[in-house]
Amino acid sequence: MRIDPDSRTLGGFSTFLTFVALNLLYIVLCLPIVTIGAATSALYEVTIRYSDDESGRPLKDFFPAFRTNFGRATVLMLCLLAPAALLGFSSVFWFAHPALFAGVAGVVAVIGAVYLFAAFLYAMAQVAYFRNTVGQTLKNALLLPAAEPVRTLGVLIIPVTAVAMMILFPPAAILVGTIGFSVGAYATAFLFRNVFTRHLA
1 MRIDPDSRTL
11 GGFSTFLTFV
21 ALNLLYIVLC
31 LPIVTIGAAT
41 SALYEVTIRY
51 SDDESGRPLK
61 DFFPAFRTNF
71 GRATVLMLCL
81 LAPAALLGFS
91 SVFWFAHPAL
101 FAGVAGVVAV
111 IGAVYLFAAF
121 LYAMAQVAYF
131 RNTVGQTLKN
141 ALLLPAAEPV
151 RTLGVLIIPV
161 TAVAMMILFP
171 PAAILVGTIG
181 FSVGAYATAF
191 LFRNVFTRHL
201 A
């Protein structure tokens, strides 16, 4: 029996394995915490490029993108993701109190955390797509969620769904751990490209 290396089935299986490897690589590089920004921007860079007529080599291009984006992505992560995490933790504190004002404060904290998380994702995609300064990227990232609420919802649905699945159905963590991040980044790549074409091109 002869195996055709150009067959659609073999090509699809090869792409699947590439996304699995990319997902595992992303998880490993996020473990030091401080590298989450650089790893996320690198993941977006290779998946955005791949979403454009399947160009680029996701695995081979990941580490060069990680090194190139490290500085800007880390600064932006500290500016956006760190405050989002603090707001998220503070919402737990407020919701623990029965007073009405505490509940209102908790809701405001959640809204702020979600908005900053969306801004963080936009910032990482911009680092992947453009070579702007940190200041310009931060400004754009803070404005885009409000300018594109529908597409922002689409960008947020994937990570929110992944977390909800793992909470409600713990075995889903296997799916998230194998292809969740890489396939999710690939799906949102089309949204990011659309947003950037409309506002930043």
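Note that the sequence shown covers residues 1 to 201 in our numbering. Don't be surprised by glycine CBs; every beta carbon is placed ideally from N, CA and C.
Query: Beta carbon of TYR129 nearer than 9 Å to that of THR152; Result: no
Query: Contacting residues, own chain, Cβ-Cβ under 8 Å from TYR186 (five flanking each side not counted); Result: PHE19, THR47, TYR50 and SER51
Query: Segment limits, alpha helix (DSSP H) that includes ARG198; Result: 181-199
Query: Supposed close pair PHE181, ILE27 - CB separation, criterion 8 Å; Result: 7 Å
Query: Cβ contact check for the stretch 53-66 and the stretch 76-87: 3 or more pairs under 8 Å; Result: no
Query: Length of the line joining the Cα atoms of ARG193 and ALA147; Result: 15 Å
Query: Per-residue burial, GLN136 [other beta carbons within 10 Å of its own, 16 or more giving buried]; Result: exposed
Query: Nearest neighbour of LEU29, chosen from PHE169, LEU144 and ARG67 [CA to CA]; Result: ARG67
Query: Residue burial classification, ALA164 (beta-carbon count within 10 angstroms, cutoff 16); Result: exposed
Query: Backbone CA spacing between PRO170 and ILE179 [nearest angstrom]; Result: 16 Å
Query: Proximity below 9 Å, CB of VAL155 to CB of LEU191; Result: yes
Query: Own chain partners of LEU175 with C-beta closer than 8 Å, once the 5 adjacent residues on each side are dropped; Result: MET165
Query: Whole-angstrom distance between PRO98 and VAL92, CA atom to CA atom; Result: 12 Å
Query: For ALA119 and LEU78, believed in contact at Cβ under 8 Å, the rounded distance; Result: With a Cβ gap of about 13 Å, LEU78 and ALA119 do not count as contacting.
Query: Proximal residues to LEU25 (C-beta, below 7 Å), its chain only, five neighbours per side dropped; Result: PHE62
Query: Distance, VAL127 Cα to ALA189 Cα; Result: 13 Å
Query: Alpha carbon of ILE3 to alpha carbon of THR15, nearest angstrom; Result: Caution applies to ILE3, whose pLDDT of 44 falls short of 50 and renders its modelled position unreliable; the value that the coordinates give is listed next. Between ILE3 and THR15, the C-alpha separation is close to 17 Å.
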